[in-house]
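Contents: one structure, followed by commentary.
There are 2 protein chains.
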Amino acid sequence: MAENYKVIDADVHNEQNDADLVPYLPEPWKSRVARSGVGYSYSGYYSPVGVMRRDSIPPGGGKAGSDPELMIKQLIEPYNVEYAILTGVVYNISTTHDPDFAAAICSAYNDYLIAEWLGKHRAFKGAAAVATQDPQLAAREIDRIGGHPDIVEVIISSAARSPLGQRQYHPIYEAAERNGLPVALHPGAEGAGGATAPTAAGYPTWYIEWHTCLSQMFMAHLVSMVCEGVFEKFPGLKVVLIEGGMAWLPHVMWRLDKNYKALRSQVPWLKKLPSQYIREHCYLTTQPIEEPDNPQHLVDLLNMVDAENMILYSSDYPHWDFDPPSAVLRKLSPDARRKVLYENAKQLYKL
Amino acid sequence: MAENYKVIDADVHNEQNDADLVPYLPEPWKSRVARSGVGYSYSGYYSPVGVMRRDSIPPGGGKAGSDPELMIKQLIEPYNVEYAILTGVVYNISTTHDPDFAAAICSAYNDYLIAEWLGKHRAFKGAAAVATQDPQLAAREIDRIGGHPDIVEVIISSAARSPLGQRQYHPIYEAAERNGLPVALHPGAEGAGGATAPTAAGYPTWYIEWHTCLSQMFMAHLVSMVCEGVFEKFPGLKVVLIEGGMAWLPHVMWRLDKNYKALRSQVPWLKKLPSQYIREHCYLTTQPIEEPDNPQHLVDLLNMVDAENMILYSSDYPHWDFDPPSAVLRKLSPDARRKVLYENAKQLYKL
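Protein sequences, first through last, are from chains A and B. Numbering (UniProt numbering) for the first sequence: 1 to 351. Numbering (UniProt numbering) for the second sequence: 1 to 351.
Next comes the structure, spelled out in C-alpha cells:
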C-alpha cells in the first residue's frame, strides 16, 4: 500500500478566480482583467464528465482548487503528501494572441502564487508559469522569479505554435538551466487560440478523441527537443512531461533511435542515441495512466525502456480523473515504486 | 528463416512517369499533365539518404520501381513473394487543392495499373487509388474499378484535411465495403499542400522528425474511425495502416479504452470497447518496424494486445528502408510468423 511510501505529487492544480490576479497586474492589463476577465482561449472540446471534481469547489463558492485549506484537507493530509508541486492553470495563456498580455498574466500569477499559496503549507512548492509566445519575455520572467526558494519548476503549455525544441524557444531553456529549474509541459489548451491542431490529423470531433490524442503533442515536442539538440546545448536541463501518458515511450524511443542510425547526418550535434537523451533529461508523470486489463503489462512495457527513473507520481488534483498514490503502478517493485512516488521527484526538484 | 514461409507483401511501390498517365487522362487534364506533369505537393522534408533504392531505377532510366520486369527480378523471385500488393504512389494526390484534378489522376492511374502492371505477373495485385478531397467522387471510382479481379484494395493518403473517421469520408468506406475491399492508408505527403501539419505540434524541422512522427497521423485517424462509429456503420470494412509503425498500438488501445469507460456518453453508437473494434477491423504493416535493442521486447509488446492477427508483412520495395521477409519479427512463434508473412494477408485480400 502506498501508505508505507512517502509521496511527492508532481501535478496539483491550484486555481484562482480572475479577480485574484488583478492586484498583481500593471496597467493596461489591470483594468482589462478587472473588466473582462483573463479570457483564456477555449479548445472547443466539451467534457461530459466535467473537468474538475465537484467537491473541490470551496464551500463559499469560487473555482475548484482555489482554496488552500480545502486542498490541504482533501489532498495533502489524507494522502500524506510531503510536497505538492502547484502547477496552476495559467500556462494555458500561451495560446492567446498578444504576447505582452500573456507575459503579464504569467508574472501576475507567479506573484500571486508566492503571496497566496506557497507560504500556506510546507508541502506547497510552486511551478512558475511562463508564456511561450515571446521566449525572451519568458526568460526574463524566469530570471525574475526563479530564485525564490519555493519555486522549483518552470511550467509552459504543451499547446504551442510549433514544436518546442525549435530554436526560438531556446531562451526559455537557457534561463531555466541558469536557474536550476526543470521545465514542465502541461496540456489543456490543445487546439485553442493560436495553437496547432490537437492531433496530427487535425481537429477531431469529441473530447474523448482530444483527450486520447493529447499524447501526440508530447511525442512531437520530445522528438523535436532531442533532434534540435536542446539537451546538448543545455546539458543541465530537465524536462517534465505532465499528463501526456507513458505507454508510448518505447515506441518513440525505438523509432527515433532507428531513424537516427540512418539519418544522423541531419542532426550532427547529437553525440548519443536519442533514447539516451530522453532517459537522462526527461520525466513523465503518471496521471492519467494507461490501464491495460492486465496491469502487469504496463509495468513490463515501462521496464523495456528502464523507465523507473523517469516517472513521477501525480494526482492531478482536483481534476475528474484524479489517481490516489495507492492506485498507481501497484505492480512495480517496491524499490521502483519508491522512486516513482517519491525519490525521483525529490532528486529532480532538489527537495 | 523466412525462406520456409510463403510470403505476401502488403506494400510494394510501383511507380510511373507522369507521361505514362497521359493516355488514360481526359481533357483538360491530359494536356495539363502532358505539358506540366502531375505536380504532386512536396512536404518540404528532405531525406539525406534519398527515398528510393538506387538499384531499382530501370537500366534505361525512368523512375525507381517503374519497371515490372526489374521488380520481378529484385523482389518477387528472390523472396518467393506469392502476391505483392501494388500500392503505387498516386494516393499522394490527396493533398492537392483541386478535387476534380485529384480524382482524374486517380482514375487514370487505376486504368494504367490494370493495363500496364496487373497482367504482367500472377503475383501482382493492385490497390486502387482514390483521392479524399471529394469522397463522393472517390466512392464513384471505387464502384467503377472495384470489381476488377486483380484489384484487392482501395488506397488513400493518410495526409488529409481532417481525421479520416469523420462523416464526410463515409462514402469512401461505404463503397469499399460494398465492393468487398479493405481501405489502406499510406503516408508520404504529410504536411504537404492542403494536408494538416505532419505532427500534433506542427511542422518539425527535419525529415528524421517528420518520419519518426508519421505514426501520430495513424493514431489520430484510428481513434477518429473508432469514435465516429465507422466500424458499426460499416461492419464489413477492414482498414490497413501502412508504414505507420506498430509499437504504439498498446498505448492507443489502453488509453482509448480507459477514456471510453468514462466518456462513452459522447459515442453512444459504440457497442464494444474501442480496442475490440481495432482488433476486428484493423491491420498494420511491418515496414518500417521499430527495432529495440532486444528484439524480444517488440514481440512481447505486440503480444500484450494479441496483435499477431493484425500484422501484415510489407517490404516497402523500392524504398530506402526495405525490410526482407527474413528480417521481420524473427522472435515471433512460427505460427504467428506464418500469419504475419502470409495468412493474415491471404484472408484479408481473399487470395
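All residues carry an ideal CB built from backbone N, CA and C; glycine is no exception. The model shown is predicted, which means the values in this text are computed figures rather than measured ones.
Discussion item. I want to verify the contact list: residues of chain A whose CB lies under 7 Å from the CB of B:GLY245, in sequence order.
Written reply: HIS251, ARG255, listed in chain order.
Discussion item. Can you check whether the C-beta of residue 354 of chain B is within less than 7 Å of a C-beta belonging to chain A?
Written reply: Since the first residue shown for chain B is 1 and the last is 351, residue 354 of chain B is missing from the structure and cannot be characterised.
Worksheet entry | First and last residue of the uninterrupted alpha helix (DSSP H) at A:PHE101 | 99-113
Practice prompt. Indicate the three-state DSSP secondary structure (helix, strand or coil) for A:MET52 in the structure shown.
Written response: strand
Fill in: Rounded separation between B:VAL328 and B:PRO288 - CA only
10 Å
Practice prompt. Counting only the same chain and skipping the five closest in sequence on each side, list residues whose C-beta sits under 6 Å from that of A:ARG144.
Written response: none
Worksheet item: Any beta-carbon of chain A closer than 7 Å to the one on B:THR286?
Response: no
Worksheet item: Is it right to say A:TYR83 is buried, meaning 16 or more other beta carbons lie within 10 angstroms of its own, or is it exposed?
Response: buried
Worksheet item: Excluding sequence positions up to five away, which residues of its chain have a Cβ less than 6 Å from the Cβ of A:MET1?
Response: Interpretation of A:MET1 is limited by its pLDDT of 42, a score under 50 that renders its predicted location unreliable; no figure is taken from the coordinates.
Worksheet item: Cβ of B:ILE151 within 7 Å of Cβ of B:ALA175?
Response: no
Discussion item. Per DSSP, what are the beta-bridge partners of A:GLU141 in this structure?
Written reply: In DSSP, A:GLU141 forms no bridge with anything.
Practice prompt. Grab me the residues of B:LYS331's own chain with a C-beta within less than 7 Å of its C-beta, minus the 5 sequence neighbours each way, in chain order.
Written response: PRO295, GLN296, VAL299
Worksheet item: Residues of chain B with a CB under 7 Å from the CB of A:GLY202: which are they?
Response: ARG161, SER162, PRO163, THR196
Discussion item. On the CB-based measure, 16 or more other CB atoms within 10 Å of its CB, does A:ARG35 come out buried or exposed?
Written reply: exposed
Practice prompt. Starting from A:ASP9, follow the beta strand (DSSP E) in both directions and report where the run begins and ends.
Written response: 7-12
Discussion item. With the cut-off set at 7 Å, would you say B:VAL239 and B:VAL154 are in Cβ contact?
Written reply: Cβ distance not < 7 Å, so B:VAL239 and B:VAL154 don't count as in contact.
Worksheet entry | Any C-beta of chain A under 7 Å from that of B:ALA2 | With a pLDDT of 43 at B:ALA2, under the threshold of 50, the predicted position of this residue should be treated as unreliable, though the coordinate-derived value follows. Taking Cβ atoms only, chain A never reaches closer than 7 Å to B:ALA2, which makes this a no.
Discussion item. With three or more C-beta pairs closer than 8 Å as the rule, is the segment 200-207 of chain A touching the segment 259-274 of chain B?
Written reply: yes
Worksheet item: Applying the criterion that 16 or more other CB atoms from any shown protein chain within 10 Å of the CB defines a buried residue, is B:ASP323 buried or exposed?
Response: buried
Discussion item. Quick check on B:LYS73 - is its C-beta less than 7 Å from some C-beta in chain A?
Written reply: no
Discussion item. Give me the chain B residues within the contact set of A:MET304, using Cβ-Cβ distance strictly less than 8 Å, ordered along the chain.
Written reply: PRO292, ASN294, HIS297, ASP300, LEU301
Worksheet item: Taking contact to mean at least 3 C-beta pairs separated by less than 8 Å, is the segment 21-33 of chain A in contact with the segment 92-110 of chain A?
Response: yes
Worksheet item: For the segment 46-79 of chain B, which residues have a CB atom closer than 9 Å to at least one CB atom of chain A, in sequence order?
Response: TYR46, SER47, PRO48, VAL49
Discussion item. Below 9 Å on C-beta distance, what does B:MET310 contact in chain A?
Written reply: Those do not exist, as B:MET310 stays about 16 Å from chain A at its closest Cβ, beyond 9 Å.
Fill in: Best match in A:PRO68, A:PRO149, A:VAL340, A:LEU86 for proximity to A:HIS13 [C-alpha to C-alpha]
A:LEU86
Worksheet item: With a cut-off of 7 Å, does the C-beta of B:CYS282 fall near any C-beta of chain A?
Response: With 7 Å as the cut-off, B:CYS282 does not count as an interface residue toward chain A.
Fill in: Beta-carbon contacts of A:TYR91 that lie in its chain and below 7 Å, excluding the five residues immediately before and after
ALA129, ILE155, ILE156, SER157, HIS186
Discussion item. Under 8 Å: do the segment 69-84 of chain A and the segment 219-234 of chain A share three or more Cβ pairs, one atom per stretch?
Written reply: Counting Cβ pairs under 8 Å, fewer than three are found: no touch.
Worksheet entry | Under 9 Å from the C-beta of B:HIS186: neighbouring residues of chain A | Simply none; closest approach about 14 Å.
Worksheet item: In chain order, what residues of the segment 205-232 of chain A put their CB closer than 8 Å to some CB of chain B?
Response: Cβ proximity to chain B below 8 Å picks out THR205, TRP206, TYR207, ILE208, GLU209, HIS211, THR212, CYS213, SER215, GLN216, MET217, MET219, ALA220, HIS221, VAL223, SER224, CYS227, GLU228 from the segment 205-232 of chain A.
Worksheet item: Buried or exposed: which applies to B:TYR169, given that a residue is buried once 16 or more other Cβ atoms fall within 10 Å of its Cβ?
Response: buried
Discussion item. Any beta carbon from chain B within less than 7 Å of A:THR132's own beta carbon?
Written reply: no
Discussion item. Per the DSSP calculation, A:VAL252 is bridged to which residue(s)?
Written reply: Answer by DSSP bridge pairing: none, since A:VAL252 is not bridged.
Fill in: Backbone CA spacing between B:LYS6 and B:ASN344 [nearest angstrom]
12 Å
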